[in-house]
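S.K.: In this note's numbering, the protein residues as written are 128 to 759.
1) Would you tell me roughly how many angstroms separate the C-alpha atoms of residue 288 and residue 439, rounded to the nearest one?
2) Using only CA atoms, which one of 490, 469, 475 lies nearest to residue 481?
3) Can you pull the DSSP bridge partners for residue 569?
4) Comparing C-alpha positions only, which one of 385, 212, 231, 344 sits nearest to residue 311?
5) Alpha carbon to alpha carbon, what distance is there between residue 579 and residue 587?
6) Tell me whether residue 776 sits in a helix, a strand or coil according to DSSP, three-state version.
7) Would you mind giving the Cβ-Cβ distance between residue 233 and residue 222, rounded to the nearest angstrom? I have them listed as a contact below 8 angstroms.
8) Can you check whether the CB of residue 661 is closer than 9 angstroms to the CB of residue 532?
9) Please state whether DSSP places residue 667 in a helix, a strand or coil.
10) Under the rule that 16 or more other beta-carbon atoms within 10 Å means buried, what is residue 494, buried or exposed?
11) What's the gap between the Cα of residue 317 and the Cα of residue 244?
12) How should residue 526 be labelled, buried or exposed, when 16 other C-beta atoms within 10 angstroms of its C-beta is the threshold for buried?
13) Label residue 270 either buried or exposed according to how many other C-beta atoms from any shown protein chain fall within 10 Å of its C-beta, with 16 as the threshold for buried.
14) From residue 722 to residue 622, what distance separates their C-alpha atoms?
15) Could you please give me the residues that DSSP links to residue 499 through a beta bridge?
16) Per the DSSP calculation, residue 438 is bridged to which residue(s)?
17) Just to check my reading of the structure: residue 679 and residue 433 have Cβ atoms closer than 8 angstroms, yes? What is that Cβ distance to the nearest angstrom?
18) Could you check the C-alpha separation between residue 518 and residue 684 for me, to the nearest Å?
19) Run the CB neighbour count on residue 281, radius 10 Å, all protein chains shown included, and call it buried at 16 or more, exposed below.
20) Between residue 265 and residue 203, what straight-line distance do the alpha-carbon atoms span, to the nearest angstrom?
21) Helix, strand or coil for residue 220 per DSSP?
22) I need the straight-line Cα distance from residue 675 to residue 427, nearest angstrom please.
23) In terms of residue numbering, what span does the beta strand (DSSP E) encompassing residue 650 cover?
24) Given this structure, state the Cα-to-Cα distance separating residue 699 from residue 693, to the nearest angstrom.
25) How many Å lie between residue 490 and residue 340 at the Cα?
26) Under the DSSP definition of a beta bridge, which residues are partnered with residue 661?
27) Just to confirm before moving on: does the CB-CB distance between residue 487 and residue 727 stay below 9 angstroms?
28) Using a Cβ-Cβ cutoff of less than 6 angstroms, which residues in the same chain neighbour residue 521 once the five nearest sequence positions on both sides are dropped?
29) To the nearest angstrom, report how far apart residue 260 and residue 477 are at their CA atoms.
30) Would you say residue 561 reaches chain D, if we count a Cβ-Cβ gap shorter than 9 angstroms as a contact?
31) Go ahead and pull the three-state DSSP assignment for residue 731.
32) Buried or exposed: where does residue 251 fall if 16 or more other Cβ atoms within 10 Å of its Cβ makes it buried?
33) Would you mind listing the alpha helix (DSSP H) stretches within the region 302-352 that are 4+ residues and don't spill past its ends, in chain order?
34) Among the residues of its own chain, which have a CB less than 7 angstroms from the CB of residue 534, if the five just before and after it don't count?
35) From the DSSP output, read off the bridge partner residues of residue 699.
36) Bridge partners for residue 738 per DSSP, in chain order?
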């Protein structure tokens with residue numbers, strides 16, 4: 128009976144280990160995948176490691192992560208240890224009060240600490256960047272060190288320090304030669320926890336950083352919004368590094384025991400200098416890397432920094448580095464998840480030189496005077512821009528903006544499951560066709576979902592008629608209640624590349640990638656009309672480098688830069704020559720639709736705050752209905 132119980136426990140332990148470690152193994156395997164797919168292994172390749180090492184932004188985020196983690200660990204360990212020793216000699220009332228305060232950051236959700244630190248920096252007008260990131264990491268690491276050191280101090284004889292001083296030690300010697308060696312396991316434990324917490328932190332870092340300073344967790348988060356297997360590569364390297372450290376930590380004691388020739392005293396004396404030397408060497412190395420990266424240039428914009436705010440995974444592989452070489456400047460790019468997130472930062476006074484928002488948001492920024500007119504004498508690229516995306520309704524005469532990418536929203540479908548006849552006859556109404564029940568994706572965006580519903584009903588997607596909006600809401604409600612759709616965001620890209628469902632709503636650039644991965648996937652733009660969207664470059668009122676911003680706009684619109692941008696990201700370039708050239712290359716999906724089709728039902732979104740509120744409210748109800756329908 129005991130053997131059976133033991134075997135059962137053994138099986139459960141193995142299953143538990145598999146549950147925790149199988150995803151890590153899965154990630155490591157797919158870091159060597161020859162394609163972009165995160166779920167389908169197509170062959171062995173080291174290309175993602177090469178791309179990771181060549182990606183200056185990713186490498187810089189790794190350097191920042193390591194530097195911040197090392198400095199935060201050293202400072203928090205020193206401060207936390209001294210604080211713990213001091214508390215052990217304090218009155219009980221003071222000790223209990225400080226320990227309760229120390230426990231607050233440990234018990235509070237991280238989001239509370241993050242918002243508190245963010246508001247603190249804003250209140251005192253402290254510009255967010257590397258300094259605020261480091262201060263925040265030190266602040267949340269100190270409580271962990273105190274918590275680790277205190278039990279070791281409690282276990283000491285309270286008269287130990289007095290006895291040492293009676294025997295001739297100075298207070299400093301008593302601390303360093305007697306107390307610290309006794310509590311060293313607690314100090315080391317606290318330091319390791321502090322390093323891990325700092326290296327791993329995302330939520331607090333996300334709220335307190337700025338000026339393009341990103342640690343690895345923020346970089347991975349922004350990269351995960353679109354398919355980028357370099358995430359797997361850099362994560363694998365971190366796992367390998369940690370594994371090596373664990374092996375060393377476990378093997379070192381065995382090696383130490385074999386070295387009987389060396390005395391314990393000599394080893395203890397050498398230990399501290401080695402740790403200090405390692406920390407100093409790491410900091411010097413990282414400093415040299417940053418010095419090398421910044422370099423010295425005699426070019427026109429040498430020493431200047433251009434701050435760009437763009438969507439995640441929306442920039443060509445060599446775009447920024449080539450611009451830096453050409454101008455001698457430094458480009459710092461912050462990434463946003465949505466136009467609304469970008470708006471909040473800009474409206475609250477964060478300074479950028481270039482923004483890349485969507486059409487409707489540009490209209491809002493214009494209305495609120497948050498962007499400035501372009502100096503047309505400095506804009507030399509407009510002749511290269513396709514005429515069909517000039518002078519659009521959100522910015523007539525392109526007074527404020529120059530297009531960056533453009534495309535449409537349409538239906539991506541599996542040719543082996545979906546009839547082209549159904550698509551032509553039904554358009555967006557195919558999302559009510561019971562033939563495809565349980566086999567469809569809807570996109571988690573009130574703007575695009577209401578566009579689909581309004582077009583299916585024959586209305587304008589820019590309607591402000593409350594009855595028409597209510598009709599669209601009922602159409603969407605019918606779809607989620609009768610069709611059992613899965614409401615997704617960017618996960619639709621890889622899922623449709625693997626043909627996991629029959630059809631879904633997707634942006635044309637994402638369709639480009641999906642079609643390049645699976646020849647059985649098609650992209651259809653209904654004759655009912657769709658959203659022709661355009662993301663464009665604008666200069667905010669807060670820009671401190673207006674001339675350099677104009678230079679960047681011209682550069683991005685040039686043939687070489689636009690080709691790099693479009694071929695890497697997958698969206699259609701506004702540069703006419705690039706758009707035409709990419710029609711015939713291997714990236715067959717790059718123009719998955721006719722970008723200049725003459726359909727007077729295609730529209731560009733206009734900004735209307737009241738209409739957006741109505742849509743957002745309706746869409747929240749649709750998602751609740753979808754959740755209830757799926758449960759039933």
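Beta carbons are placed, not taken as given, at the ideal position from N, Cα and C, and that holds for glycine.
M.R.: So, to answer that:
1) Residue mapping note: residue 288 aligns to position 161 of the chain shown, counting from 1. Residue mapping note: residue 439 aligns to position 312 of the chain shown, counting from 1. Approximately 56 angstroms between the Cα atoms of the pair.
2) Within the chain shown, residue 481 is the residue found at index 354, counting from 1. Relative to the Cα of residue 481, the nearest Cα in the group 490, 469, 475 belongs to 469.
3) Translated into the one-based positions of the chain shown, residue 569 becomes position 442. For residue 569, which the question treats as bridged, DSSP gives the partners 614.
4) Numbered from its first residue, the chain shown carries residue 311 at position 184. The residue with the shortest Cα to Cα distance from residue 311 is 212.
5) For the purposes of this step, residue 587 is taken as residue 460 along the chain shown, with counting starting at 1. For the purposes of this step, residue 579 is taken as residue 452 along the chain shown, with counting starting at 1. When rounded, the distance between both Cα atoms is 10 angstroms.
6) Outside the displayed range of the chain (128 to 759) lies residue 776, so it cannot be described from this structure.
7) Position 106 of the chain shown, counted from the first residue, corresponds to residue 233. Position 95 of the chain shown, counted from the first residue, corresponds to residue 222. Contact between residue 233 and residue 222 fails: their C-beta atoms lie close to 17 angstroms from each other, not under 8 angstroms.
8) Within the chain shown, residue 532 is the residue found at index 405, counting from 1. Within the chain shown, residue 661 is the residue found at index 534, counting from 1. Yes, these two residues count as a Cβ contact at 9 angstroms.
9) Here the question's residue 667 lines up with position 540 in the chain shown. It is a strand residue.
10) Here the question's residue 494 lines up with position 367 in the chain shown. Taking all protein chains in view, the Cβ of residue 494 is surrounded by fewer than 16 other Cβ atoms within 10 Å, so the residue is classified as exposed.
11) Locating residue 317 in the chain shown gives position 190, where the first residue counts as 1. Locating residue 244 in the chain shown gives position 117, where the first residue counts as 1. If I take the Cα positions, the gap works out to 22 angstroms.
12) Counting from 1 along the chain shown, the entry for residue 526 is found at position 399. With fewer than 16 other beta carbons inside 10 angstroms of its own, residue 526 counts as exposed.
13) Here residue 270 is taken as the residue at index 143 of the chain shown, counted from 1. Buried.
14) Against the chain shown, residue 722 aligns to sequence position 595. Against the chain shown, residue 622 aligns to sequence position 495. Bear in mind that a pLDDT of 49 at residue 722, under 50, signals an unreliable position, so the model cannot answer this.
15) Locating residue 499 in the chain shown gives position 372, counting from the first residue. Paired residues: 666.
16) Taking the chain shown and counting its residues from 1, the one referred to as residue 438 is at position 311. Answer by DSSP bridge pairing, in chain order: 463.
17) Reading the chain shown from its first residue, position 552 is the one you call residue 679. Reading the chain shown from its first residue, position 306 is the one you call residue 433. Residue 679 to residue 433, Cβ: 6 angstroms. Contact.
18) Here residue 518 corresponds to residue number 391 of the chain shown, with the count starting at 1. Here residue 684 corresponds to residue number 557 of the chain shown, with the count starting at 1. Whole-angstrom Cα-Cα distance: 16 angstroms.
19) In the chain shown, residue 281 corresponds to position 154, counting from 1. Per the 10 Å Cβ criterion, exposed.
20) The sequence position of residue 265 within the chain shown is 138, counting from 1. The sequence position of residue 203 within the chain shown is 76, counting from 1. Near 5 angstroms, if we compare the C-alpha coordinates of residue 203 and residue 265.
21) Reading the chain shown from its first residue, position 93 is the one you call residue 220. Three-state result, residue 220: helix.
22) As a position in the chain shown, residue 675 is number 548, starting the count at 1. As a position in the chain shown, residue 427 is number 300, starting the count at 1. A straight-line Cα-Cα distance of about 10 angstroms links residue 675 and residue 427.
23) Residue mapping note: residue 650 aligns to position 523 of the chain shown, counting from 1. Where residue 650 is concerned, the enclosing beta strand (DSSP E) stretches over 648-651.
24) By 1-based counting over the chain shown, the position of residue 699 is 572. By 1-based counting over the chain shown, the position of residue 693 is 566. For the pair residue 699 and residue 693, the Cα-to-Cα distance works out to about 6 angstroms.
25) As a working note, residue 490 is residue 363 in the chain shown. As a working note, residue 340 is residue 213 in the chain shown. Their backbone Cα atoms lie some 29 angstroms apart in a straight line.
26) Counted from its first residue, the chain shown places residue 661 at position 534. In the DSSP output, where bridge partners are listed per residue, residue 661 has 533.
27) One-based indexing of the chain shown puts residue 487 at position 360. One-based indexing of the chain shown puts residue 727 at position 600. Result no, Cβ atoms of residue 487 and residue 727 do not sit closer than 9 angstroms.
28) The residue labelled residue 521 in the question sits at position 394 within the chain shown. The residues are 486, 489, 490.
29) Translated into the one-based positions of the chain shown, residue 260 becomes position 133. Translated into the one-based positions of the chain shown, residue 477 becomes position 350. When rounded, the distance between both Cα atoms is 16 angstroms.
30) Within the model displayed, chain D is absent; a lone protein chain is all it includes.
31) The residue labelled residue 731 in the question sits at position 604 within the chain shown. Three-state result, residue 731: coil.
32) As a working note, residue 251 is residue 124 in the chain shown. In the assembly as shown, residue 251 is an exposed residue. Its beta-carbon has fewer than 16 other beta-carbons within 10 Å.
33) Qualifying alpha helix (DSSP H) stretches, in chain order: 307-327, 330-335, 343-350.
34) If you number the chain shown from 1, residue 534 lands on position 407. Closer than 7 angstroms at Cβ, skipping near neighbours: 634, 635, 636, 660, 698, 699.
35) Along the chain shown, read from residue 1 onward, the residue named residue 699 stands at position 572. Residue 699 pairs with 533.
36) Translated into the one-based positions of the chain shown, residue 738 becomes position 611. Residue 738 pairs with nothing; no bridge assigned.
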